[in-house]
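Student: In mature numbering (1 follows the signal peptide of the UniProt record, and there is no 0), the protein residues as written are -24 to -1, 1 to 390. Glycine included, C-beta positions come from ideal geometry on N, C-alpha and C. Fair warning: this is a prediction, and the values are worked out from it, not measured in the lab.
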Ligand SMILES: O=C(O)CCC(=O)C(=O)O
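#1: Closer than 6 Å is what we want: which residues have a beta carbon that near any heavy atom of ligand 1? List them in chain order.
#2: Does the beta carbon of residue 330 sit closer than 8 Å to a beta carbon anywhere in chain B?
#3: In the DSSP output, what is residue 353 paired with across the bridge?
#4: Once DSSP output is grouped into helix, strand and coil, what is the label at residue 95?
#5: Identify whether residue 332 lies in helix, strand or coil by the three-state DSSP scheme.
#6: I'd like the ranges of any beta strand (DSSP E) spanning at least 3 consecutive residues and lying wholly in the region 61 to 92.
#7: Find out if the Cβ-Cβ distance for the pair residue 293, residue 335 is shorter than 8 Å.
#8: Would you kindly work out how many angstroms separate the C-alpha atoms of residue 271 and residue 180, rounded to a whole number?
#9: CA-CA distance, residue 164 and residue 204?
#10: Residue 309: buried (16+ other C-beta within 10 angstroms of its C-beta) or exposed?
#11: Distance check for residue 234 and residue 84, CA to CA, integer angstroms please.
#12: When you compare only the Cα positions, how much space is there between residue 144 and residue 243?
#13: Could you tell me how far apart the beta carbons of residue 75 and residue 47 are, in whole angstroms, since I believe they sit closer than 8 Å?
#14: Is it right to say residue 114 is buried, meaning 16 or more other beta carbons lie within 10 angstroms of its own, or is it exposed?
#15: Put residue 368 into one of helix, strand or coil per three-state DSSP.
#16: In this structure, what does DSSP give as the bridge partners for residue 164?
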């Protein structure tokens, strides 16, 4: 193993091990019905009976006409007749701001997605805990990468989420042997007291996953066209077995006792810390909420208001690297509005074996291990996020190392 490969492996493993001791083990689950945050201590007992936010304001809806919006609006209907024009608009948006809106998305229905999101987060705490990741609920042996993650009160980002991928074949924890098994983990679904509603949730979430998947391939085809790439050059990385994630997010209003200094910026309280996405493309629904801000060239913060039935699309560090820096991964954050805010990002991810070591134009990516696969890159880069930092990937360190070696070895021979 080269020194570089060793470093990329050892640093995150070290981080995973040390971060567990920094984390106090407390986490919180929001119950929207009672408007209470139930805090759990190590050992899964409720350590404070109830910490009511008691500060929820009435929601205010914000709409702006399209010509006042701060980002380009890409029309997917227009793309059918004028692909050249629309692909040029996409490339321009990605090369300048790294953010855009897209509208007229086939089969996308914002109201229906909003209802599903609220349905999930309104479930009683006990039902959410059935699908909580293993690290927070040791009774759940099958959850490593998918399912529910709770609020961690002392973290800068204050959110709970529920994630699905494209797979339903659950790998049992005790059968997990490789990083590949972990990332291809199947979905888990909540069983509420209303079985019809639970089934509807599952079917609708799977349908939305398909809507986002097809949309992302349409956008990638336009990117191929705009960058002058061969047909399927980009889409082939995503078409089959993508590791994409559809995440429902709820940001409960942040009570003072859960607001560390790192979660403030002057008078502003943060719900999601400033960051650039790590991956490829993110397709984000912010419903009718403001709160999202992107960093301008003078380090100023620009509000990104919602556009009805449209998605906000931005790019991550990986596609920036693969385009040799042509696409800009812009830093963004979410500020606390004092209300419960919901959003749904779809993180477009390629299949496990997608090559991360060569750019789309054929040049080796600087600072990347030779023949690095996406799956290995992902596991080494997601530990920094609050919702993953404490994940017990279910793989002993030596096996993680050996999987890394095996995969790298196979590819070195090609
Ligand atoms: O909730 C939002 O508006 C933004 C979410 C986000 O930036 C993320 O999940 O990476």
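Tutor: From the atom records:
#1: 225, 248, 253, 260, 262, 268, 308, 310, 319, 321
#2: You won't find chain B in this structure, because it holds only one protein chain.
#3: Its beta-bridge partners do not exist; DSSP assigns none.
#4: helix
#5: coil
#6: 75 to 79
#7: no
#8: 34 Å
#9: 40 Å
#10: buried
#11: 35 Å
#12: 44 Å
#13: 5 Å
#14: exposed
#15: Any answer about residue 368 is weak, because its pLDDT of 48 lies below 50 and its placement is not dependable; what the coordinates show is given next. Note: residue 368 maps to coil in three-state DSSP.
#16: Residue 164 pairs with nothing; no bridge assigned.
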